[in-house]
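Have a look at the structure below before the remarks.
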Amino acid sequence: MSVFALEGIPEVAAGADLAGLILAAAEVAAAGVAGGTLLRDGDILAVTSKIVSKAEGRLRAAADREQAITDETVRVVATRAYPGGVTRIVENRQGLVMAAAGVDASNTPEGFVLLLPADPDASARALCAAVRARTGLRLGVIITDTAGRPWREGQTDIAIGAAGVAVLDDLRGTTDAAGKLLNVTAPAVGDEIAGAADLVKGKASGNPVAVIRGLGRLVLPLPAADPVTARSGVVDRGAAILLRPSETDMFRLGSAEAEALGYTRGYAAGLAAGLTAAEADLP
Numbered sequence: 000m001s002v003f004a005l006e007g008i009p010e011v012a013a014g015a016d017l018a019g020l021i022l023a024a025a026e027v028a029a030a031g032v033a034g035g036t037l038l039r040d041g042d043i044l045a046v047t048s049k050i051v052s053k054a055e056g057r058l059r060a061a062a063d064r065e066q067a068i069t070d071e072t073v074r075v076v077a078t079r080a081y082p083g084g085v086t087r088i089v090e091n092r093q094g095l096v097m098a099a100a101g102v103d104a105s106n107t108p109e110g111f112v113l114l115l116p117a118d119p120d121a122s123a124r125a126l127c128a129a130v131r132a133r134t135g136l137r138l139g140v141i142i143t144d145t146a147g148r149p150w151r152e153g154q155t156d157i158a159i160g161a162a163g164v165a166v167l168d169d170l171r172g173t174t175d176a177a178g179k180l181l182n183v184t185a186p187a188v189g190d191e192i193a194g195a196a197d198l199v200k201g202k203a204s205g206n207p208v209a210v211i212r213g214l215g216r217l218v219l220p221l222p223a224a225d226p227v228t229a230r231s232g233v234v235d236r237g238a239a240i241l242l243r244p245s246e247t248d249m250f251r252l253g254s255a256e257a258e259a260l261g262y263t264r265g266y267a268a269g270l271a272a273g274l275t276a277a278e279a280d281l282p
């Protein structure tokens, strides 16, 4: 497997032809490549969500970033006060649980914030279809964004949108090297690819796209282009498959929020029990 940044992509504005910009950069880079071809069949493009959001016009005027976070929040998971304000971990409109709902003020004009793509999987499908149509290559697309992780310091990039790529390598039902049945093993290869891409893209290098080569086994036909795919059981479900439903999440709330909820429910139950007992003692 190899991973390299695709250099030469300019600043992206609303309405930009993202596929065109990526392929133009690939064409320039191909001048120094034997055979004159940079992209190959089976390559995966890891694209930073920021340029997707800019192309889709997701820049918003926001004198108050906190209000923008509130507007993008569906459910508050945890909050923690710090000297400069309050950190909020929330579930956003895209179903992602992350700090500040994914609202980003970095690398944006003063007084503006950038929201995540409204539907990252749909954005990935459109981009994937465009680059495949223009190149004739079997390419995959992963849209990445930076997120923290429970129990771990620092951040890493994760897959928030995908098309033409299997982002979950489900090994359940197979056996390991010792012949033992695998019951829960399902590597989140979409997130692993996103993390690998971040190593070459960087945060301030101006290289928002990386090419991952050598994982062609994970590249899938787009469902709309190949209806046989669904019948064969190999279905491109995008990155949404990586979202754990909140009802099955063992850590759905932060510790302080869970404690407060437990106290409130316990108090209400105790009060109800006390009233029932008092009524039973009445003559």
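Be aware that the sequence shown starts at 0, since it is given in numbering that gives the first Met the number 0, and climbs by one per residue.
Glycine included, every Cβ here is placed at the ideal spot set by N, Cα and C.
None of the values given here were measured: they were computed from a predicted structure.
Proximity of Ile88 and Pro119 at Cβ, strictly below 8 Å: Position 89 of the sequence shown, counted from the first residue, corresponds to residue 88. Position 120 of the sequence shown, counted from the first residue, corresponds to residue 119. It is not a contact, given that the beta carbons lie outside the stated cut-off.
Using a Cβ-Cβ distance under 8 Å, would Ala239 count as near chain C? No chain C appears in the structure shown, which is made up of a single protein chain.
Grouping DSSP H, G and I as helix and E and B as strand, with all else coil, what is Asp42? The residue labelled residue 42 in the question sits at position 43 within the sequence shown. Three-state result, Asp42: coil.
From Leu58 to Gly269, what does the alpha carbon distance come to, in whole angstroms? The residue labelled residue 58 in the question sits at position 59 within the sequence shown. The residue labelled residue 269 in the question sits at position 270 within the sequence shown. Distance between the alpha carbons of Leu58 and Gly269: 49 Å.
DSSP state of Ser204 mapped onto helix, strand, coil: Position 205 of the sequence shown, counted from the start, is the residue given in the question as residue 204. Coil at Ser204, not helix or strand.
Output the residue ranges of the beta strand (DSSP E) runs that lie fully inside the stretch 135-206 and measure 3 residues or longer, sorted by chain position. 139-148, 151-162
Alpha carbon to alpha carbon, how far is Pro220 from Val227? Give it in angstroms, no decimals. In the sequence shown, counting from the first residue as 1, residue 227 sits at position 228. In the sequence shown, counting from the first residue as 1, residue 220 sits at position 221. Caution applies to Val227, whose pLDDT of 46 falls short of 50 and renders its modelled position unreliable; the model cannot decide the point.
Spatial neighbours of Arg64 within its chain, please: CB distance less than 7 Å, with the 5 preceding and 5 following residues excluded, ordered by chain position. Within the sequence shown, numbered from 1, the residue matching residue 64 stands at position 65. Excluding sequence neighbours, Arg64 sits near Val102, Ala104, Val112.
Using only the alpha-carbon positions, how far apart do Glu26 and Ile141 sit? On the sequence shown, position 27 is the one that residue 26 refers to. On the sequence shown, position 142 is the one that residue 141 refers to. Approximately 20 Å between the Cα atoms of the pair.
Closest residue to Val96 among Thr275, Ala267, Pro244 (Cα-Cα distance): By one-based count along the sequence shown, residue 96 stands at place 97. Closest by alpha carbon: Pro244.
Per DSSP, cross-strand counterpart(s) of Asn91: Taking the sequence shown and counting its residues from 1, the one referred to as residue 91 is at position 92. DSSP output for Asn91 lists Thr72 as bridge partner(s).
Return helix, strand or coil for Arg264, following the three-state DSSP convention. Translated into positions along the sequence shown, residue 264 becomes position 265. Arg264 falls in the helix class under three-state DSSP.
Tell me the rounded alpha-carbon separation between Thr72 and Glu90. Your numbering for residue 72 matches position 73 in the sequence shown. Your numbering for residue 90 matches position 91 in the sequence shown. About 6 Å.
DSSP has Met97 in a bridge; who is on the other side? As a position in the sequence shown, residue 97 is number 98, starting the count at 1. Val89, per the DSSP bridge assignment.
Pick helix, strand or coil for Ala272, following the three-state DSSP scheme. Here residue 272 refers to the residue found at position 273 of the sequence shown. Here Ala272 sits in helix by DSSP.
Whole angstroms is fine: what's the gap from Leu22's alpha carbon to Glu6's? Walking along the sequence shown from the start, residue 22 turns up at place 23. Walking along the sequence shown from the start, residue 6 turns up at place 7. Taking the straight line from one Cα to the other gives about 11 Å.
Can you grab the Cα-Cα spacing for the pair Arg92 / Ala117, in whole Å? If you number the sequence shown from 1, residue 92 lands on position 93. If you number the sequence shown from 1, residue 117 lands on position 118. Answer to the nearest angstrom: the Cα atoms are 8 Å apart.
Considering only residues of the same chain and omitting the five flanking positions on each side of Gly94, which have a CB-CB separation below 6 Å? Sequence index remark: in the sequence shown, residue 94 carries index 95 (1-based). Hits under 6 Å: Leu242.
How long is the line joining the alpha carbons of Ala30 and Gly194, rounded to whole angstroms? Numbered from its first residue, the sequence shown carries residue 30 at position 31. Numbered from its first residue, the sequence shown carries residue 194 at position 195. Going by the C-alpha atoms only, they are around 28 Å apart.
Three-way DSSP call (helix, strand, coil) for Glu36 in this model: Here the question's residue 36 lines up with position 37 in the sequence shown. This sequence places Thr at residue 36; Glu is not what is there. DSSP places Thr36 in coil when its eight states are reduced to three.
What span of residues does the beta strand (DSSP E) with Ser1 cover, start to end? Position 2 of the sequence shown, counted from the start, is the residue given in the question as residue 1. Residues 1-4.
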